[in-house]
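Worksheet: one structure, shown below.
What follows is the structure, encoded as structure tokens:
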């Protein structure tokens, strides 16, 4: 609610549910910046975003999906993915071919599994929500 009051309802919704709107970028010296997180220390600093839109997140998540996850799915290995809400929204958007206009209406419940089954070409055969 604090952020919503600070930036206004329209900007808040555009950042929270929009596709192309990024939140205000953090400064590199902000204590919340990923530059202070030990797990990112080995990365090239130019690869670390200080704010990203769902469009940016989707690009990153889909690349990761094909590089790291798809090989397991093709070999019919069960994969468990746990992630932050925006990363999951980006992945669901890709898997279900949801448009940038429709993704704002999609709700991904917190801590509720979603099961997908894929064919050999990684087309989703079905989705089950728990």
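Residue numbers (the numbering used here): 66 to 195. Heads up, the beta-carbon is just placed ideally off N, CA and C, and yes, glycines get one too.
- Unbroken beta strand (DSSP E) stretches of 3 residues or longer found wholly inside the region 75–105: none.
- Going by C-alpha positions, residue 85 is about 14 Å away from residue 75.
- Note that the C-beta distance between residue 154 and residue 119 is below 9 Å.
- In this structure, residue 156 lies near residue 126, with their beta-carbon atoms less than 9 Å apart.
- Residue 116 and residue 188 have their C-alpha atoms spaced approximately 31 Å apart.
- Look at residue 194 here: in three-state DSSP terms it is strand.
- Residue 67: member of the alpha helix (DSSP H) spanning 67–72, first to last residue.
- With respect to the C-alpha of residue 137, the residue from 182, 83 and 101 having the closest C-alpha is 182.
- Within the same chain, Cβ atoms closer than 8 Å to the Cβ of residue 83 are found at 118, 119 and 169, the five residues on either side in sequence being excluded.
- Beyond the five residues adjoining it in sequence on each side, residue 139 comes within less than 8 Å, by CB distance, of 185 and 187 in the same chain, given in chain order.
- Residue 124 and residue 158 have their C-alpha atoms spaced approximately 11 Å apart.
- Across the structure, residue 121 and residue 80 are spaced so that their CA atoms are roughly 12 Å apart.
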